[in-house]
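For reference, the structure is listed below as structure tokens.
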Amino acid sequence: MSTPRDTVTDSAAEQAEVLASHAQYLIATAARAPSVHNSQPWRFRVGSQAIELWCDPRRKVRADPVGREMLVSCGAALFGLRLAVRSLGYQPVVDLLPDRSQLRLMARVSVGAPAPLNGLEREMLTAVPHRHTHRGPFTPGPLPVGLLAGLQNDALAEGATLALVGDGLGYARLARIAAAAARRGDLDPRARAEIRRWTRSAASAARDGVPAAALAVSMPAQLRPGRPGRLPQRDFDLGRGIARLPAGGPPPAATAVLLTFGDRRADWLRAGQALQRLLLHAAGKWVFASLYTQPLENAVTRALIREQLALPGNPQMVLQLGLADSAASTARRPPDELAN
Ligand SMILES: Cc1cc2nc3c(=O)[nH]c(=O)nc-3n(C[C@H](O)[C@H](O)[C@H](O)COP(=O)(O)O)c2cc1C
361 MSTPRDTVTD SAAEQAEVLA SHAQYLIATA ARAPSVHNSQ PWRFRVGSQA IELWCDPRRK
421 VRADPVGREM LVSCGAALFG LRLAVRSLGY QPVVDLLPDR SQLRLMARVS VGAPAPLNGL
481 EREMLTAVPH RHTHRGPFTP GPLPVGLLAG LQNDALAEGA TLALVGDGLG YARLARIAAA
541 AARRGDLDPR ARAEIRRWTR SAASAARDGV PAAALAVSMP AQLRPGRPGR LPQRDFDLGR
601 GIARLPAGGP PPAATAVLLT FGDRRADWLR AGQALQRLLL HAAGKWVFAS LYTQPLENAV
661 TRALIREQLA LPGNPQMVLQ LGLADSAAST ARRPPDELAN
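When we follow my numbering, the leftmost residue of the sequence shown carries the number 361, and every step to the right adds one.
Right under this line is the structure:
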């Protein structure tokens with residue numbers, strides 16, 4: 361029989377073995393996360409006791425000077441990393457922002473006690489390859505019964521809130537604010553230069569940035585009174601004619617804002633984990649989301665959204681959800697490029 365000391369040694373050895381032999385899988389699963397402009401602002405360091413997630417500020421977008429969107433993106437990758445550890449049959453143990461002297465170190469994830477994957481986790485894992493940001497038309501029809509409540513539970517479980525935006529006044533207010541932000545953003549030369557930097561034509565072999573195949577022809581906000589529609593998407597095309605997806609189609613089935621109580625680095629990482637958790641849950645039911653952060657990149661507009669919609673927290677992401685039967689996923693950089 362093993363002594364407690366042997367048990368510790370065995371489990372430390374087991375941890376090291378799990379991390380070493382599955383490093384590529386862990387990184388690749390985490391890296392399927394959404395990130396602003398598919399910038400993939402993350403790096404991973406695999407040690408014998410933990411895998412570390414680092415942000416990569418060289419990949420921070422200019423519209424995000426404080427790094428909020430970079431950390432939301434890293435939070436989403438962290439959820440993927442946790443799910444990947446779960447899929448190997450272990451509980452992940454997460455130390456968030458573990459070292460104050462290392463501001464780029466987002467989390468240290470180690471391998472905890474063995475525990476089998478549950479049904480919902482299995483469904484989320486299956487959805488990792490086909491989850492995508494949906495910018496083309498949705499398929500008409502309501503969301504599966506109970507899904508929105510399930511997504512709200514996902515957000516709560518990660519320390520965030522998913523506030524549903526009502527079809528009437530709430531949507532009209534949000535659409536008006538988002539349309540004004542889109543007009544300003546799409547005309548700003550610096551913002552346009554950044555979009556050019558992060559979009560890829562159909563001929564491009566790049567493994568980052570938003571590819572033409574994932575872009576919809578830009579359309580003005582749908583502001584028909586009393587009828588919810590599609591919020592204005594960021595103009596990624598900029599008149600270049602590279603977008604491959606049609607615009608329009610049936611309206612999304614739901615609009616929501618992801619909130620956190622606080623608005624600091626740990627909150628942004630929580631928002632990202634909540635985002636990837638609920639996106640994978642939804643994708644497991646073939647429900648996908650359009651994501652909108654253009655209206656949140658300006659502090660005044662962000663505060664206006666909070667105030668006009670009477671939201672009980674800080675907006676971190678605006679989402680529209682709907683059914684879709686297409687699932688074109690975008691490229692990612694290979695794990696070797698992401699490991700330190
Ligand atoms: C913090 C954050 C901000 C984003 N902002 C937008 C946005 O304003 N407009 C948009 O169409 N997509 C947005 N996205 C989605 C990304 O463009 C998308 O995740 C990335 O291109 C990778 O594609 P995928 O989600 O299909 O895997 C955002 C994603 C994150 C995590």
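Ideal placement from N, C-alpha and C gives every residue a C-beta, glycine not left out.
The structure presented is a predicted model; accordingly, all values stated were derived computationally and were not measured.
Handout entry: Rounded C-alpha distance that separates Cys-434 from Arg-533
Key = So the alpha carbons of these two residues sit roughly 30 angstroms apart.
Problem - Three-state secondary structure assigned by DSSP to Thr-690 - result: Reduced to three states, the DSSP call for Thr-690 is coil.
Exercise for the section: Please name the residue in Leu-441, Leu-664, Ala-691 and Pro-474 whose C-alpha comes closest to that of Ala-565. Expected result: Ala-565 has its Cα closest to that of Ala-691, out of Leu-441, Leu-664, Ala-691 and Pro-474.
Practice task
Assign Tyr-652 to buried or exposed, taking buried as 16 or more other Cβ atoms, counted over all protein chains shown, within 10 Å of its Cβ.
Solution key: Tyr-652 comes out buried.
Problem - Beta-carbon separation (whole angstroms), Thr-389 vs Leu-443, contact threshold 8 angstroms - result: Under the criterion of beta carbons closer than 8 angstroms, Thr-389 and Leu-443 qualify as touching, at roughly 7 angstroms.
Handout entry: Whether Val-469 touches Thr-615 by CB criterion (8 angstroms)
Key = Their beta carbons are not under 8 angstroms apart, which means Val-469 does not touch Thr-615 by this criterion.
Problem - N-terminal and C-terminal residue of the alpha helix (DSSP H) that Asn-674 is part of - result: For Asn-674, there is no enclosing alpha helix (DSSP H); the enclosing beta strand (DSSP E) covers residues 674-683.
Practice task
For Ser-371, name the three-state secondary structure that DSSP assigns.
Solution key: Helix at Ser-371.
Exercise for the section: May I ask you to verify whether the region 631-646 touches the region 480-494, counting CB pairs closer than 8 angstroms and requiring at least 3? Expected result: Contact holds: three or more Cβ-Cβ distances are below 8 angstroms.
Practice task
Report all residues from its chain with a CB closer than 6 angstroms to the CB of Pro-504; omit the five preceding and five following residues, and keep chain order.
Solution key: Lys-645, listed in sequence order.
Practice task
Can you check DSSP and say which residues form a bridge with Trp-414?
Solution key: For Trp-414, which the question treats as bridged, DSSP gives the partners Arg-403 and Leu-465.
Handout entry: Where Ser-362 sits in the DSSP three-state scheme
Key = Note that Ser-362 scores 38 on pLDDT, short of 50, meaning its location in the model is unreliable and no value can be drawn from it.
Handout entry: Buried/exposed call for Pro-606, threshold 16 Cβ in 10 Å
Key = If you draw a 10 Å sphere on the C-beta of Pro-606, you find fewer than 16 other C-beta atoms in it, and that means exposed.
Practice task
Say whether the region 670-678 touches the region 626-637, bearing in mind that this needs 3 or more beta-carbon pairs closer than 8 angstroms, one atom from each stretch.
Solution key: By the Cβ criterion, the region 670-678 is in contact with the region 626-637, since at least three pairs of Cβ atoms, one from each stretch, lie closer than 8 angstroms.
Exercise for the section: Using alpha carbons as the reference points, say which of Val-617, Arg-662, Gly-608 and Leu-640 lies closest to Phe-498. Expected result: Answer by Cα proximity: Gly-608.
Practice task
Could you say which of Ala-515, Gly-589 and Asp-595 lies nearest to Ala-553 if we only look at CA atoms?
Solution key: Taking each of Ala-515, Gly-589 and Asp-595 in turn and checking the Cα distance to Ala-553, the smallest one comes out for Asp-595.
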